[in-house]
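Peer 1:
Protein chains: 2
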Amino acid sequence: MISQAEENYLKAIFKIAEKENRAVSTNAIAVLMQTTPASVSDMLRRLSDKNLIAYEKYRGVQLTEAGKQVATELIRRHRLWEVFLVEKLGFSWDEVHDLAEQLEHVQGPSLIERLDAFLDYPRYDPHGDPIPDADGLWVFRAQILLSDLKTGQRGVITGVQEHSSAFLQYLAQMGLTLGAVLELLERIDYDQSVRVRMYDTRELMLSEKVCKNLFLMIENA
Amino acid sequence: MISQAEENYLKAIFKIAEKENRAVSTNAIAVLMQTTPASVSDMLRRLSDKNLIAYEKYRGVQLTEAGKQVATELIRRHRLWEVFLVEKLGFSWDEVHDLAEQLEHVQGPSLIERLDAFLDYPRYDPHGDPIPDADGLWVFRAQILLSDLKTGQRGVITGVQEHSSAFLQYLAQMGLTLGAVLELLERIDYDQSVRVRMYDTRELMLSEKVCKNLFLMIENA
DNA sequence: AAAAATATTTAGATTTGCCTAAAAATAAAT
DNA sequence: ATTTATTTTTAGGCAAATCTAAATATTTTT
Ligand SMILES: [Mn+2]
Ligand SMILES: [Mn+2]
Ligand SMILES: [Mn+2]
Ligand SMILES: [Mn+2]
Chain A
-11 MISQAEENYL KAIFKIAEKE NRAVSTNAIA VLMQTTPASV SDMLRRLSDK NLIAYEKYRG
49 VQLTEAGKQV ATELIRRHRL WEVFLVEKLG FSWDEVHDLA EQLEHVQGPS LIERLDAFLD
109 YPRYDPHGDP IPDADGLWVF RAQILLSDLK TGQRGVITGV QEHSSAFLQY LAQMGLTLGA
169 VLELLERIDY DQSVRVRMYD TRELMLSEKV CKNLFLMIEN A
Chain B
-11 MISQAEENYL KAIFKIAEKE NRAVSTNAIA VLMQTTPASV SDMLRRLSDK NLIAYEKYRG
49 VQLTEAGKQV ATELIRRHRL WEVFLVEKLG FSWDEVHDLA EQLEHVQGPS LIERLDAFLD
109 YPRYDPHGDP IPDADGLWVF RAQILLSDLK TGQRGVITGV QEHSSAFLQY LAQMGLTLGA
169 VLELLERIDY DQSVRVRMYD TRELMLSEKV CKNLFLMIEN A
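From first to last, the protein sequence lines are chains A and B. The first sequence: position 48 = 36 (our numbering), numbered continuously. The second sequence: position 195 = 183 (our numbering), numbered continuously.
1. Comparing C-alpha positions only, which one of GLN141/A, LEU62/A, ASP37/A sits nearest to GLU92/A?
2. Would you say ASP249/A and ARG67/A are within 8 Å of each other, going by their C-beta atoms?
3. Are the CB atoms of VAL144/A and GLY167/A within a distance shorter than 8 Å?
4. Hey, is GLU70/A close to ligand 1, as in C-beta under 7 Å from one of its heavy atoms?
5. Taking buried to mean at least 16 other C-beta atoms within 10 Å of its own C-beta, is GLY140/B buried or exposed?
6. Mind checking whether GLN161/A and GLY147/A have CB atoms under 8 Å apart?
7. In chain order, what residues of the same chain lie with their CB nearer than 7 Å to the CB of SER153/A, ignoring the 5 residues before and after it?
8. Can you tell me whether LYS7/B is buried or exposed? The criterion is at least 16 other CB atoms within 10 Å of its CB, across all chains shown.
9. By Cβ distance, which residues of its chain are closer than 7 Å to ASN120/A, with the 5 residues on each side in sequence left out?
10. Is it a yes or a no for the region 101 to 117 of chain B touching the region 98 to 118 of chain A, going by three-plus beta-carbon pairs under 8 Å?
11. Taking just the CA atoms, how far does VAL58/B sit from LYS(-1)/B?
12. Based on the DSSP output, what are the partners of PHE72/A in its beta bridges?
13. Could you tell me which chain A residues have their CB closer than 8 Å to the CB of ASP213/B, listed as they occur along the chain?
14. With 16 other CB atoms within 10 Å as the buried threshold, where does ASP37/B fall?
15. By DSSP, does PHE2/B sit in helix, in strand, or in coil?
16. Does the pairing of the region 12 to 19 of chain A with the region 43 to 50 of chain A give three or more beta-carbon distances under 8 Å?
17. By the criterion of Cβ-Cβ separation under 8 Å, what are the contact partners of ARG102/A in chain B?
18. Look at the alpha carbon of HIS151/A and the alpha carbon of LEU202/B, and state the distance between them as a whole number of angstroms.
19. So is GLN90/B in contact with chain A if we call contact Cβ pairs under 8 Å?
20. I need the DSSP call for TYR43/A, collapsed to helix, strand or coil.
21. Compute the beta-carbon to beta-carbon distance between GLN149/A and LYS200/A, rounded to the nearest angstrom, for a pair I have assumed lies under 8 Å.
22. Ends of the beta strand (DSSP E) at ILE145/A?
23. Just tell me which of MET205/A, LEU99/A, ASP104/A has its CA closest to the CA of PHE128/A.
24. Below 8 Å CB to CB, which residues in the same chain sit around MET31/B once its five sequence neighbours on both sides are set aside?
25. When you measure from the CB of ARG67/B to every non-hydrogen atom of ligand 4, does any distance come out below 7 Å?
26. For a contact defined as C-beta to C-beta under 7 Å, what are the partners of LEU99/B on chain A?
27. Strictly below 9 Å CB to CB, what residues from chain A border PHE106/B?
28. By the DSSP assignment, the beta strand (DSSP E) with MET193/A in it spans what residues?
29. Determine the DSSP secondary structure at ILE132/B, reduced to helix, strand or coil.
30. Since I believe GLU191/A is in contact with ARG183/A (beta carbons under 8 Å), could you give me their beta-carbon distance rounded to a whole number of angstroms?
31. Between which two residues does the beta strand (DSSP E) carrying PRO174/A extend?
32. By the three-class DSSP mapping on this structure, what secondary structure does PRO118/B have?
33. For ILE(-10)/B, name the three-state secondary structure that DSSP assigns.
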């Protein structure tokens, strides 16, 4: 039996480990989960007892295979529920995360398989993040940040780095949704802001902050 | 803030109060929730502190208006999720209760309103139980048990008294689903079992136990 | 290499929700 | 009206998950 709190910790560890290539620190977990390092230490002991993480005091943690599986399944459930909320219930992409945080913990035989089928086996969630399949596998996409796009290159928006409501709402308002195509016309030296042309010929100015949080795939034009 | 455990207690009290017309006893709650009377006493104190129930020691409890509202909303959420699981995900009516017990606790603005709309505002759940609307209101149906039907009368199946998987599976297997029409041909004096004719002309024998757990509305033929 | 800063763990409490066993109140039976 | 049986509450404890404050380990700086 794995509690909801334990599941959440495993997911947090998984997400941190995805970015950094070393053992995950107590502090990093505490920051991401908005709790105290003391609480994290406490939980790490429990997760270690259950062989879900490899834990050496003061040396950080790594997920075991069992822990990785729990985390991956949780991410799968989270992202599938997000697709449901957007595609079927009509929520916008900035409204669904907190609901999915709850729905992801619902347990029951065949629920997720049926949901997956009902949604027609989506491979990406509303934010462009990949959805692990029933075996925990997903495809890797070679996406780059808009801040790394070269002048003259065109790209399709495929995801976001930051997931805040404020950012997501801003993007939606600007028409910068998943699948939108844009061409980088110019990068301003002074503040690293950019001028882009959308597929519909509109021209937009985007700040460096936006560029550093928007993923694209380069179009082989 | 009302916890999941508190919500569950309020629902249990509501359901007991629906049947019996007096204050709800500690014991009745303990039996329904499969816990100890001591735990119930504990929780009743907490619910009383929050003004969700009117509680006099040794004299049983009643829901306050606030408590009734929480219970009704919880029932609404439970039954809407059951409709979703059956209508959209293809579960059978004997598989959905435990999942709905979890889904009913998911909190979030407009989730249930959107789910209700997505399901096209169903008025009954897969077991024939009425779904409260957004204002907590539902229509009362004058249904009677098959054990109270008179010989020669015809009725439409509209609900079940017992909700066990075993019973629900048995009914499905026999074709005794919601909306099925049957005519009472004969009641056997010896054991109160009955012979019925279904709309498709099949004849079935049903035990007294089945009769006491199957609700119908009489057809004005 | 010692001192200072930072990160992590431990100790001790708290809250929620549950348990068993014992005590107290109420209801039923004689 | 007592006695007996049943119901309900209280007392004391436990596990999960969290917190603050204090102690300890590690890393960085001087
Ligand atoms: Mn999310
Ligand atoms: Mn997402
Ligand atoms: Mn149910
Ligand atoms: Mn139901």
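The beta carbon of each residue, even a glycine, is placed where N, CA and C say it ideally should be. Just so it is clear, the structure is predicted and the values come from calculations on it, not from any experiment.
Peer 2: Let me spell this out:
1. One-based indexing of the first sequence puts residue 92/A at position 104. The residue with the shortest Cα to Cα distance from GLU92/A is LEU62/A.
2. Shown here, chain A extends from -11 to 209; a query on residue 249/A therefore has no answer.
3. In the first sequence, the residue the question calls residue 167/A occupies position 179. In the first sequence, the residue the question calls residue 144/A occupies position 156. Going by C-beta atoms, GLY167/A is nearer than 8 Å to VAL144/A.
4. Along the first sequence, one-based indexing puts residue 70/A at 82. Yes, since a heavy atom of ligand 1 falls inside the 7 Å radius drawn around the Cβ of GLU70/A.
5. Reading the second sequence from its first residue, position 152 is the one you call residue 140/B. Around the beta-carbon of GLY140/B, fewer than 16 other beta-carbon atoms lie within 10 Å, marking it exposed.
6. Within the first sequence, the letter at position 173 stands for residue 161/A. Within the first sequence, the letter at position 159 stands for residue 147/A. Cβ atoms of GLN161/A and GLY147/A: not closer than 8 Å.
7. Locating residue 153/A in the first sequence gives position 165, counting from the first residue. Here the set comprises ASP82.
8. In the second sequence, residue 7/B corresponds to position 19, counting from 1. LYS7/B comes out exposed.
9. The sequence position of residue 120/A within the first sequence is 132, counting from 1. Per the sequence shown, the amino acid found at residue 120/A is Pro instead of Asn. Counting only Cβ-Cβ distances below 7 Å, and skipping sequence neighbours, we find THR60, ILE63, ARG64, TRP126.
10. Taking 8 Å as the limit for Cβ pairs, the verdict is that the region 98 to 118 of chain A does not touch the region 101 to 117 of chain B.
11. Locating residue -1/B in the second sequence gives position 11, where the first residue counts as 1. Locating residue 58/B in the second sequence gives position 70, where the first residue counts as 1. Their Cα atoms are separated by approximately 8 Å.
12. Here residue 72/A corresponds to residue number 84 of the first sequence, with the count starting at 1. BP columns for PHE72/A are empty, so no partner.
13. The structure shown does not extend to residue 213/B, since chain B is modelled only from -11 to 209, so the question has no answer here.
14. Numbered from 1 along the second sequence, position 49 holds the residue referred to as residue 37/B. Counting of Cβ neighbours within 10 angstroms places ASP37/B among the exposed residues, the total staying below 16.
15. Here residue 2/B corresponds to residue number 14 of the second sequence, with the count starting at 1. Helix.
16. Yes, the region 12 to 19 of chain A is in contact with the region 43 to 50 of chain A.
17. Position 114 of the first sequence, counted from the start, is the residue given in the question as residue 102/A. Simply LEU77, GLY78, PHE79.
18. Start at 1 with the first residue of the first sequence, and residue 151/A comes out as number 163. Start at 1 with the first residue of the second sequence, and residue 202/B comes out as number 214. Looking at the two C-alpha atoms, the distance is approximately 51 Å.
19. Here residue 90/B refers to the residue found at position 102 of the second sequence. Taking CB atoms only, GLN90/B has a neighbour in chain A less than 8 Å away.
20. Here residue 43/A corresponds to residue number 55 of the first sequence, with the count starting at 1. Strand at TYR43/A.
21. By 1-based counting over the first sequence, the position of residue 149/A is 161. By 1-based counting over the first sequence, the position of residue 200/A is 212. Right, the Cβ-Cβ distance comes to about 7 Å (below 8 Å), so this counts as a contact.
22. Counting from one through the first sequence, the residue named residue 145/A turns up at place 157. Segment 142 to 148, the beta strand (DSSP E) holding ILE145/A.
23. In the first sequence, residue 128/A corresponds to position 140, counting from 1. Of the listed residues, the one whose Cα sits closest to PHE128/A is MET205/A.
24. Here residue 31/B is taken as the residue at index 43 of the second sequence, counted from 1. Excluding positions up to five away in sequence, the list reads ALA(-7), GLU(-6), TYR(-3).
25. Position 79 of the second sequence holds residue 67/B. For ligand 4, at least one heavy atom lies less than 7 Å from the Cβ of ARG67/B.
26. The residue you call residue 99/B lines up with position 111 of the second sequence. In chain order: LEU87.
27. Within the second sequence, the letter at position 118 stands for residue 106/B. Chain-order list of chain A residues neighbouring PHE106/B: LYS76, LEU77, GLY78, by C-beta distance under 9 Å.
28. By one-based count along the first sequence, residue 193/A stands at place 205. From DSSP, the beta strand (DSSP E) with MET193/A extends over 191 to 194.
29. Locating residue 132/B in the second sequence gives position 144, where the first residue counts as 1. ILE132/B: strand per DSSP, three-state reduction.
30. Numbered from its first residue, the first sequence carries residue 183/A at position 195. Numbered from its first residue, the first sequence carries residue 191/A at position 203. Contact annotation, ARG183/A with GLU191/A: C-beta distance approximately 6 Å; criterion of less than 8 Å satisfied.
31. Working through the first sequence from its first residue, we reach residue 174/A at position 186. The sequence shown places Glu at residue 174/A, not Pro. Residues 169 to 175.
32. If you number the second sequence from 1, residue 118/B lands on position 130. Three-state DSSP puts PRO118/B in a strand.
33. To locate residue -10/B, count along the second sequence from 1; it is residue 2. In this structure, ILE(-10)/B counts as coil in the three-state DSSP scheme.
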